[in-house]
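For reference, the structure discussed in these notes is given below.
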Amino acid sequence: MGKRRKQRQRKRKAAVDRDVISRLPDEILCNILSFLPTRTSVATSVLSRRWRYLWKKVQALDLNDDFFYTPELSRNEAQERFLIFLKKFEPLLLPLPMRKFCLSCPVGQFGYTDLIGWIEHVIGRVSELYFSVRTDGQTYELYFRNLHSTSLVSLVLDGNIMIVVDFVPTPSESIFPSLKNLELHVIFNYVDLDLLLSGCPALETLRLTLIDFRLEAFHMPPSLKSLTFEEQYSDSEDVTLELLEIFLVNLGILLGFLSSSGHFAKQNSFGCKFQQSSV
1 MGKRRKQRQR KRKAAVDRDV ISRLPDEILC NILSFLPTRT SVATSVLSRR
51 WRYLWKKVQA LDLNDDFFYT PELSRNEAQE RFLIFLKKFE PLLLPLPMRK
101 FCLSCPVGQF GYTDLIGWIE HVIGRVSELY FSVRTDGQTY ELYFRNLHST
151 SLVSLVLDGN IMIVVDFVPT PSESIFPSLK NLELHVIFNY VDLDLLLSGC
201 PALETLRLTL IDFRLEAFHM PPSLKSLTFE EQYSDSEDVT LELLEIFLVN
251 LGILLGFLSS SGHFAKQNSF GCKFQQSSV
């Protein structure tokens, strides 16, 4: 009996000796976990006592409702469970700074207001924010009045969202004074886009997906270094963007790029006109 016990002890000790990764400092382990989906990060808590609470210290959250879908649940039931999960997810509730926050979820008859509430809850303490809403065709408005942030460096919006800037930013009260990267794969018009850009004085990279073609003219921040346009695929043959006017303080800082599929390029025209801005 004593011999078997010693053998088991030697095996456990050998296993511990091989587990080099668990000996790393919390900071390094949390950085590794930050590159994994949050669901995978949470699953590491069952590995050992060493890993039980590490996932709570990770400063990057990637939350979506994919793992709530089962054959037994309807779409609405899965969405409802996801919203309940968000309300109880401890790292989301704690007022701690985050490096990155990704939230992606389809929206049916309910839930959009709750999702916006979470965006407003974290935007003041996160550096990178990705928000994606998938719908059955309905468009939801995203108001920027409650979305000020001095910490936000990168913002990506995607899905059936229409941005609405219902106020005029001032030099002393910018919307995102530290924002460097902005990607809008949503619906917008040139008035709201112009107001939004005026509230991003440090913006360097701008990527726009032209979903509808109500874009007419807008002014670029002086700090801009890269500008990318992407045409979203459309079955319509008569959609045309005849002329887009872009006003820049310094024309030398612009990289203009138009990316479109061959099918779409053959059926639609695109015009771009750059003008020196006096602002």
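Numbering (full-length UniProt numbering), first residue to last: 1 to 279.
C-beta: ideal position from N, C-alpha, C; glycine also.
Short of 6 angstroms in beta carbon distance, which residues of its chain neighbour residue i, apart from the five on each side in sequence? Order them along the chain.
i: G199; result: P169, S174 and I175
i: L162; result: At residue 162 the sequence reads Met, which differs from the Leu that was named. Excluding residues within five positions, the ones whose Cβ falls inside 6 angstroms are T139, E141 and I187.
i: T205; result: N181 and S226
i: F257; result: Low per-residue confidence applies at F257: pLDDT is 38, beneath 50, and the placement is therefore not dependable, though the value from the model is reported in the following sentence. Around F257: T228.
i: residue 281; result: The shown model of the chain, from 1 to 279, leaves out residue 281, and the question about it has no answer.
i: T38; result: L61, D62 and L63
i: V126; result: M98 and F101
How close, in whole Å, do the beta carbons of residue i and residue j come, if the pair is a contact with beta carbons under 8 angstroms?
i: V186; j: L157; result: 5 angstroms
i: residue 292; j: E128; result: No answer is possible for residue 292: the residues shown for the chain start at 1 and end at 279.
i: L224; j: L208; result: That pair is no contact at about 12 angstroms.
i: V164; j: D192; result: 6 angstroms
i: F131; j: L103; result: 5 angstroms
i: S41; j: V58; result: 6 angstroms
i: L197; j: P221; result: 6 angstroms
i: R145; j: D166; result: 6 angstroms
i: residue 289; j: K56; result: As displayed, the chain neither begins before 1 nor continues past 279, which places residue 289 out of reach and without an answer.
i: L86; j: W118; result: 6 angstroms
Looking only at its chain, what residues have a beta carbon closer than 7 angstroms to the beta carbon of residue i, apart from the 5 residues adjacent to it on each side?
i: S178; result: T150, S151, L152, V153 and A202
i: H148; result: I175
i: L29; result: L54
What does residue i pair with, by DSSP beta-bridge criteria?
i: A60; result: K100
i: D158; result: S132 and H185
i: S198; result: Partner(s): none; S198 has no beta bridge.
i: L206; result: L182 and L227
i: L142; result: I163
i: P106; result: R134
i: V153; result: BP columns for V153 are empty, so no partner.
Stretch-stretch touch, CB-based, cutoff 8 angstroms, three pairs: the stretch 100-109 with the stretch 127-136: yes
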